[in-house]
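Below is one structure, written out as structure tokens; the observations come after it.
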Amino acid sequence: MTVRTTATALRGIVEQLGRHSVRGIEEFGYVAALFVEALYWFVMGRRRMQPVRLHAVFREAMMIGIQAIPIVSVLCLAVGIMLAIQGIETLKTFGAQSKVVIGIALSVTREFSPLIVSILVAGRSGSAITARIGTMHESQEIDALRVIGINPVRYLGAPMLLGMLLMVPSLTVLGDVMGILGGGIYSSMELNVPLAVYADRSLAALHVDDIRQGLIKSVVFAVIIAMVGISNGFQVRGGAEGVGRATTRSVVLSISFIVLADMIFTYFLNR
Amino acid sequence: MSDTMTESSPQTPQAPAVEPVIEVRDLVAHYGTRRVLNKINLTVMPGEIMVIMGGSGSGKSTLLRHLLGLKRPTSGVIKVLGKDITRLSAAEMHQLRRTMGVAFQGGALFGSMTVGENVCLPLREHTKLDENTMRIMSRMKLEVVNLAGFEDLMPSELSGGMVKRASLARAIVMDPKLLFFDEPSSGLDPVAAAELDELILRLRRAMNMTIVVVTHELESAFKIADRITVIDQGEVIMSGTVQEVRDSENERVQNLLNRRPRDETVDADDYLRRLTR
């Protein structure tokens, strides 16, 4: 009897696992198709008389990027200060406090700025994208677009993706500057180095490759945020509650994917 | 009958038989594994107002989604304006959509645009008219639905009846040959509903459109319809003129007309079986 129950329980687990895997693969395929479709409309839209409107891209860029400037600045400044505090404390043991400059410059540009920026954008705009498309789906606005002859991926999805691709790297550059500035402000006070000298040393420590590494990551993160947000929005079912559920899912998924992708990219970009 | 035809045909070329605007043959559709439409047949002739009537869950909304090309059927043929929409390419479908207008149940106006911009949207996407012309055209259509002067309001600032009328204005802005209207009177007070019925009749007179209305409201159906198709449990149970539907002896039709609840006779064995399944 017990053998049989264990067997059925095991089978249940395996079945569950299989079902989840199939669903996961299905969803990945859906997202990939959506991504290709959005790019297709950007390239081919004009020829098919359905262009991706530039003003729509700018409107998205405005919401995703420009309005996030204050919060990105504050957070990256804070991260820079935090890195300086930790860095100076740690390096004191070796009497190498002055080397904190290199640590801050590299870790901010390669790691913290893209990561902080994209987590912030995922929470701010990824969720908004899902909520907006989801609400439009529930109020039949997506259907209305389709019957008017407007492809919703072209009209809504493509501008969101492009806005994201434009703004996440831009915000990352801003984050680089603010992070290094934050580190500089604290270090210059703590180590009695003028800010100008600190800036000089930071520039000397940085290579184009470091900035590029951060930017490559930020592009990948932008795609993740946009595609997770858009696909969850289009898959909303079940009214207001469904929209809420999809929004939460979108944020959790995109932040998880961002962190995982970050790890993978860091591994490959530093070898 | 056949004599007159053979007589007249050699001299005058025979007038082409009037093609139906919509022709649905043996439409079958599933939600997952559940069959929601079963062998639906439907013909809508030009200039006619066809009301598709049925209770909630009867499959009438699903049928509408298939007619609009929003869903692909399991099998069957759906011809709209002579083209089988189950076989059209995306580009051909895009072309066909320019000749169709749809007013959705909840209006489905875009919340981020003003009423005027909503009405202009099909023009903006399908034509190369300049801003001024588009504005004039959208004002004309808003005038038709008695919403002149409301173009700068946001949809959230309109009442339920106004939203439906604005949605209608958006649906007719391209002067479609074929207009679909989903539940025009649902959620409206009797006066607003009656106004909307009048509006539908006036539109047909003025623009000579073919109109398909999906509704569960008997009163409105009888008022506007040329012909009614009654749907129940995914099947067409009757199709005919208003009078024919009124006079129908079909029990399910009469149940719907007299608002009689579905027969709930309980078979004791069956009931037990359902519980202990």
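As given, the protein sequences belong to chains R and Z, one line each in that order.
Our numbering numbers the first residue of the first sequence as 34 and each following residue consecutively.
Our numbering numbers the first residue of the second sequence as 23 and each following residue consecutively.
Every residue gets a Cβ at the ideal spot worked out from N, C-alpha and C, and that includes glycine.
Cut-off 7 Å between Cβ atoms - residues of its own chain near residue i, not counting five sequence neighbours on either side
{"i": "R/Leu108", "result": "Ile149 and Leu153"}
{"i": "R/Ile175", "result": "Met169 and Pro185"}
{"i": "R/Gly341", "result": "One cannot answer for residue 341 of chain R here, as it falls past the ends of chain R, which runs 34 to 304."}
{"i": "R/Thr205", "result": "Ser146, Pro147, Val150, Gly247, Leu248 and Ser251"}
{"i": "R/Ile28", "result": "Given a span of 34 to 304 for chain R in the structure shown, any question on residue 28 of chain R remains unanswerable."}
{"i": "Z/Lys245", "result": "Asp219"}
{"i": "Z/Leu223", "result": "Ile246"}
{"i": "Z/Glu205", "result": "Gln127, Val236 and Thr237"}
{"i": "R/Leu189", "result": "Ile166"}
Proximal residues to residue i (C-beta, below 6 Å), its chain only, five neighbours per side dropped
{"i": "Z/Leu49", "result": "Leu59, Ile62, Pro95 and Gly98"}
{"i": "R/Trp74", "result": "Val85, Arg187 and Ala191"}
{"i": "R/Leu286", "result": "Val261"}
{"i": "R/Gly196", "result": "Val90, Glu93, Ala94 and Ile97"}
{"i": "R/Ser158", "result": "Ile97"}
{"i": "R/Leu198", "result": "Ala255"}
{"i": "R/Val269", "result": "Gly167, His170, Gly275, Val276 and Ala279"}
{"i": "R/Ala294", "result": "Val253"}
{"i": "Z/Asp25", "result": "Unreliable positioning characterises Z/Asp25 in this predicted model, as indicated by a pLDDT of 44, which lies under 50. The coordinate reading is nonetheless provided below. Contacts found: none."}
{"i": "Z/Met122", "result": "Pro198 and Leu200"}
{"i": "R/Gly45", "result": "none"}
Expected contact under 8 Å - CB spacing of residue i and residue j to nearest Å
{"i": "Z/Pro177", "j": "Z/Asn140", "result": "7 Å"}
{"i": "Z/Asp248", "j": "Z/Glu70", "result": "5 Å"}
{"i": "R/Tyr231", "j": "R/Val134", "result": "6 Å"}
{"i": "Z/Lys186", "j": "Z/Gly129", "result": "6 Å"}
{"i": "Z/Leu90", "j": "Z/Val124", "result": "6 Å"}
{"i": "Z/Ser80", "j": "Z/Ile253", "result": "5 Å"}
{"i": "R/Ile356", "j": "R/Ser235", "result": "Because chain R is modelled from 34 through 304, residue 356 of chain R falls outside the range shown and cannot be assessed."}
Proximity test, Cβ basis, 8 Å: residue i and chain Z
{"i": "R/Gly275", "result": "no"}
{"i": "R/Gly182", "result": "yes"}
{"i": "R/Arg80", "result": "no"}
{"i": "R/Ser131", "result": "no"}
{"i": "R/Gly235", "result": "Here residue 235 of chain R turns out to be Ser, not Gly, going by the sequence shown. No, no contact with chain Z."}
{"i": "R/Ser172", "result": "yes"}
{"i": "R/Val76", "result": "no"}
{"i": "R/Ile177", "result": "Note that residue 177 of chain R is Ala in the sequence shown, not Ile. It does; some Cβ of chain Z falls within 8 Å."}
Where the beta strand (DSSP E) through residue i begins and ends
{"i": "Z/Val360", "result": "No answer is possible for residue 360 of chain Z: the residues shown for chain Z start at 23 and end at 299."}
{"i": "Z/Phe203", "result": "Leu200 to Asp204"}
{"i": "Z/Arg47", "result": "Ile44 to Tyr53"}
{"i": "Z/Lys61", "result": "Arg56 to Val66"}
{"i": "Z/Ser261", "result": "Glu257 to Thr263"}
{"i": "Z/Val235", "result": "Thr232 to Thr237"}
{"i": "Z/Ile71", "result": "Ile71 to Met75"}
Contact with chain R by residue i, beta-carbon distance below 8 Å
{"i": "Z/Pro144", "result": "yes"}
{"i": "Z/Met72", "result": "no"}
{"i": "Z/Val13", "result": "The first residue shown for chain Z is 23 and the last is 299, placing residue 13 of chain Z beyond what the model contains."}
{"i": "Z/Thr28", "result": "Residue placement at Z/Thr28 is flagged as unreliable, the pLDDT there being 43, under the threshold of 50; the coordinate-derived value follows with that caveat. Taking Cβ atoms only, chain R never reaches closer than 8 Å to Z/Thr28, which makes this a no."}
{"i": "Z/Ala247", "result": "no"}
{"i": "Z/Glu153", "result": "no"}
{"i": "Z/Gly128", "result": "yes"}
{"i": "Z/Phe203", "result": "no"}
{"i": "Z/Arg119", "result": "yes"}
{"i": "Z/Glu257", "result": "no"}
{"i": "Z/Leu92", "result": "yes"}
{"i": "Z/His116", "result": "yes"}
{"i": "Z/His238", "result": "no"}
{"i": "Z/Glu147", "result": "yes"}
{"i": "Z/Phe132", "result": "yes"}
Enclosing alpha helix (DSSP H) for residue i [first to last residue]
{"i": "Z/Met162", "result": "Glu153 to Val166"}
{"i": "R/Val150", "result": "Ser146 to Val154"}
{"i": "R/Thr38", "result": "Thr35 to Met77"}
{"i": "R/Ile291", "result": "Gly272 to Leu302"}
{"i": "R/Tyr219", "result": "Ala191 to Leu224"}
{"i": "R/Ile305", "result": "This structure gives no information on residue 305 of chain R, because the portion of chain R shown stretches from 34 to 304."}
{"i": "Z/Ala125", "result": "It is not in any alpha helix (DSSP H) - Z/Ala125 instead sits in the beta strand (DSSP E) that spans Met122 to Ala125."}
{"i": "Z/Glu114", "result": "Ala112 to Arg119"}
{"i": "Z/Met229", "result": "Pro212 to Met229"}
{"i": "Z/Glu271", "result": "Looking at the DSSP string, Z/Glu271 is not in any alpha helix (DSSP H), and its letter there is neither H nor E."}
{"i": "R/Arg234", "result": "Leu228 to Ala238"}
{"i": "R/Ile97", "result": "Leu87 to Ile97"}
Of the listed residues the options, nearest to residue i (C-alpha basis)
{"i": "Z/Leu279", "options": "Z/Tyr293, Z/Val102 and Z/His238", "result": "Z/His238"}
{"i": "R/Glu223", "options": "R/Gly45, R/Glu122, R/Thr163 and R/Val141", "result": "R/Glu122"}
{"i": "Z/Leu131", "options": "Z/Arg274, Z/Leu180 and Z/Met72", "result": "Z/Leu180"}
{"i": "R/Val112", "options": "R/Gly216, R/Leu124 and R/Ala66", "result": "R/Gly216"}
{"i": "R/Tyr300", "options": "R/Thr281, R/Arg143, R/Ala65 and R/Ala177", "result": "R/Arg143"}
Under 8 Å by beta carbon: chain B residues contacting residue i
{"i": "Z/Met122", "result": "Although the question refers to chain B, the structure presented lacks it and instead comprises the protein chains R and Z."}
Other residues of its chain near residue i: CB distance less than 8 Å, five sequence neighbours each side excluded
{"i": "Z/Gln276", "result": "Ser270 and Arg282"}
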